[in-house]
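To keep things clear, I will list the structure first and then write my remarks on it.
Protein chains: 2
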Amino acid sequence: ASSASQMDNQRPRFTEFSYASPPIKDLMVHLISTVESKMESMLLPCTLPQDVQYFENQSGTAHASLYIRSGTSSSPIDFILGSWLHCELPTGGALSITSLSSYMNTSTDAPHLVIEFIQSSPTSLVLIIDLPPRKDLVLYPDYLNKFYQETELDKQRQLLDKITEVQPYVSPSLYIRSVFSPTAIVFRLDSETERLEQILRDDVSCAAKEVLGIWLELCVLGEKGEVRDDEKAHLKKRDSVFKSKSIETDIGSALPRMFGQETADRVLGVLQALL
Amino acid sequence: ASSASQMDNQRPRFTEFSYASPPIKDLMVHLISTVESKMESMLLPCTLPQDVQYFENQSGTAHASLYIRSGTSSSPIDFILGSWLHCELPTGGALSITSLSSYMNTSTDAPHLVIEFIQSSPTSLVLIIDLPPRKDLVLYPDYLNKFYQETELDKQRQLLDKITEVQPYVSPSLYIRSVFSPTAIVFRLDSETERLEQILRDDVSCAAKEVLGIWLELCVLGEKGEVRDDEKAHLKKRDSVFKSKSIETDIGSALPRMFGQETADRVLGVLQALL
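First to last, the protein sequences are chains G and Y.
Following this note's numbering, the numbering of the first sequence begins with 139 at its first residue and continues without gaps.
Following this note's numbering, the numbering of the second sequence begins with 139 at its first residue and continues without gaps.
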């Protein structure tokens, strides 16, 4: 028991972002601390088992951390989910994924939050910053207007799109493409390391903070619109497909390859219990 | 009366595409004739008034043609809508828009069809080729799978995306961005005229014909999946918002500016009666 507790003490904590590049680590620490301080009364403590909060593969070439806090019953939050994952590649490089998402519950129809960085080399990364809509925007133009048009979310996308090193990124998964809003920031950034880190510190950090600020103000702390019972049932079904398909596509396919089936099953089991 | 009928005879017909560049004209003639021959038994004749089939502004600097054929009651088609619009710009250039759309009725949930070219100069155009989904893809992954994944529609988008002169295009309208499928071909093409026309003749024509072929086979001529009554009601509502918002954003805002309020009202009145 004493050796197990020593091992636990050596495990990196989620908020250490042990393998993220410095500008991503700094940004994520800022975002998480903003979320936790603004939403303090809404979130329960993280109760994940230690071996899901941090785990690695047998050869020590892959490391990951999960962090989940459920919302209180009176909050608009289902749960927030932070994760990082670092994996040495056979080619010599490494893949590093860092993300923060928040899923809403059915007391509101306000959008979810997704922020994710997928860095495949010191000179190339994919960034995703979006408030995925909870309703079909084709059928509900008022919803589009309230959460995306009037908030001027597209300004943040446009600012990043003007940067020479920034290109649109198209996910290989058609489902993942479908979940994003029309103002989603979904870009690839290719540049030598110093310039790439400068864009992350200056432009990307600014956009991420702005989008998070809009989401906190309008979707979390703002007045909840009333959700009728039949709408609740519909939101519940849609959210459930959204969460399971997103997590399945994102983490579900990578974990067995990187950590082996046993670890993957343990981690996915904990995640699936949330869905 | 004799002078009016002479005028009518001088009016360009829709299928003449009087102002389109040669490769766009050739492609549109091919697409329309394919649609009309494959769907012959499904379409009623065009019954638009002469002054809506063709109209121009007072100074003769703007010209447009509309072409609408409704589907028969046993067909899966609500109506097909072709249009072209040419407008001299104060800057000396000209704007030329050419489009072919098909809207489905509620006997099927299969996707609509949209093909559109917006040419703002001899060296620059926007092209849109898509099968806009009729259901919320986040909630219905099976629908996404059937119409977009298994048809390998994304191959056509990927082929065009590889061409150096082709860049993603982002519509200024958030609503228009929302209606497209995840495999939508929504690109800008910038190049000197000869190369631009070559890309239109070779690559764009090929993609448009492939997408039209998939749509005809799977959505129009293929076996209709059964649509339950509650689904019909939902499709009807969604299609109605889709049609009115699309036409309002696309044609509704341009017509008064280009043709004056009187002509715009006459044309939009005819269109709105269809929605």
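We put the CB at the ideal spot given by N, CA and C, even for glycine.
Please read these numbers as outputs of a predicted model, since none were measured by experiment.
- prompt: Is the Cβ of G:Y286 closer than 7 Å to any Cβ of chain Y?
  reply: yes
message: Quick test of the definition: if touching needs 3 or more C-beta pairs under 8 Å, does the segment 313-320 of chain Y touch the segment 216-232 of chain Y?
response: no
- request: Would you mind listing the alpha helix (DSSP H) stretches within the segment 303-371 of chain Y that are 4+ residues and don't spill past its ends, in chain order?
  value: For the segment 303-371 of chain Y, whole alpha helix (DSSP H) runs of length 4 or above, ordered along the chain, are 312-317, 331-337, 343-353.
query: Expressed to the nearest angstrom, what Euclidean distance is found between the alpha-carbon atoms of Y:S211 and Y:S245?
result: 10 Å
task: Since I believe G:C357 is in contact with G:P260 (beta carbons under 8 Å), could you give me their beta-carbon distance rounded to a whole number of angstroms?
output: G:P260 to G:C357, Cβ: 34 Å. No contact.
field: chain Y contact residues for G:P306, given Cβ-Cβ distances below 9 Å
entry: Simply Q305, P306, V308.
- request: Buried or exposed for G:R376, please, with buried defined as at least 16 other CB atoms from any protein chain shown within 10 angstroms of its CB.
  value: buried
- request: Anything in chain Y within Cβ reach of G:F380, meaning under 9 Å, just list it in chain order.
  value: V276, L277
- prompt: For G:G209, does the three-state DSSP call read helix, strand or coil?
  reply: In the structure shown, G:G209 sits in a strand (DSSP, three-state: E or B).
task: Measure the alpha-carbon distance for G:L251 versus G:G398 and round it to whole angstroms.
output: 29 Å
message: For Y:M242, which residues in the same chain have their Cβ closer than 8 Å to its Cβ, ignoring the five residues on either side in sequence?
response: P214, I215, D216, A248, P249, H250, R272, C357, D377
query: Are the C-beta atoms of Y:K383 and some chain G residue less than 7 Å apart?
result: yes
query: In terms of residues, what are the limits of the beta strand (DSSP E) holding G:H224?
result: 215-226
query: Taking Y:I352 as the reference, which of Y:F152, Y:Y286, Y:P183, Y:L238 has the closest Cα?
result: Y:Y286
message: Which residues does DSSP list as the beta-bridge partners of Y:M242?
response: Note: Y:M242 sits in a beta bridge opposite Y:I215.
message: Taking only three categories from DSSP, how would you classify Y:I253?
response: Strand.
message: I'd like the list of long-range same chain contacts for Y:L182, defined as Cβ closer than 8 Å, with 5 residues on each side in sequence excluded.
response: R207, S208, G209, T210
query: Roughly how far, in whole angstroms, is the beta-carbon of G:D341 from the beta-carbon of G:I301, given that I think they are within contact range, below 8 Å?
result: Here G:D341 really is in contact with G:I301; their C-beta atoms are around 6 Å apart, less than 8 Å.
message: Once the 5 residues before and after G:L354 are set aside, which same chain residues still bring their CB inside 7 Å of it?
response: K176
- request: Helix, strand or coil for Y:F193, going by three-state DSSP, please let me know.
  value: Residue state, collapsed to three classes: strand.
task: Compare the beta carbon distance of Y:S343 and Y:L165 with 7 Å and say whether it is the shorter of the two.
output: yes
query: Thinking C-beta only, is Y:V349 closer than 7 Å to Y:L327?
result: The answer is no: Cβ separation not under 7 Å.
- prompt: Taking the DSSP output, what are the residues bridged to G:D236?
  reply: Reading off the sequence, residue 236 of chain G comes out as Thr, not Asp. Answer by DSSP bridge pairing, in chain order: G:W222, G:F255.
Contact under 7 Å by Cβ, Y:P279 with G:Y313: yes
- request: Leaving aside the five residues before and after G:L413 along the sequence, list all residues of the same chain whose C-beta is less than 6 Å from its C-beta, in chain order.
  value: Spatial neighbours of G:L413 in its own chain (CB-CB distance under 6 Å, excluding positions within 5 residues in sequence) are listed in chain order as K381, S382.
message: Our contact map puts G:T321 next to G:F193 with C-beta atoms below 8 Å; I'd like the distance itself, whole angstroms only.
response: The Cβ separation is near 35 Å, so there is no contact.
query: Relative to chain Y, which residues along the segment 162-187 of chain G have a C-beta separation below 9 Å, given in chain order?
result: none
C-alpha distance - Y:D388 paired with Y:I337, whole-angstrom precision: 25 Å
Rounded separation between G:V324 and Y:L265 - CA only: 21 Å
field: Among Y:D274, Y:L409, Y:L227, Y:I235, nearest to Y:Q257 - alpha-carbon criterion
entry: Y:I235
message: Does G:D403 come out as helix, strand or coil in the three-state DSSP assignment?
response: helix
Beta-carbon spacing of G:C225, G:L238 below 7 Å: no
message: Using a Cβ-based criterion (distance less than 6 Å to any ligand heavy atom), does Y:P214 qualify as near the ligand NAD?
response: No copy of the ligand NAD occurs in the structure displayed, which carries no ligand at all.
task: Return no unless some Cβ of chain G is closer than 7 Å to the Cβ of Y:L312.
output: Yes, contact with chain G.
- prompt: For Y:L409, which of helix, strand or coil comes out of DSSP?
  reply: helix
field: Rounded Cβ spacing between G:A411 and G:L169 (contact assumed at less than 8 Å)
entry: Actually they are not in contact, since the Cβ atoms of G:A411 and G:L169 sit about 26 Å apart, beyond 8 Å.
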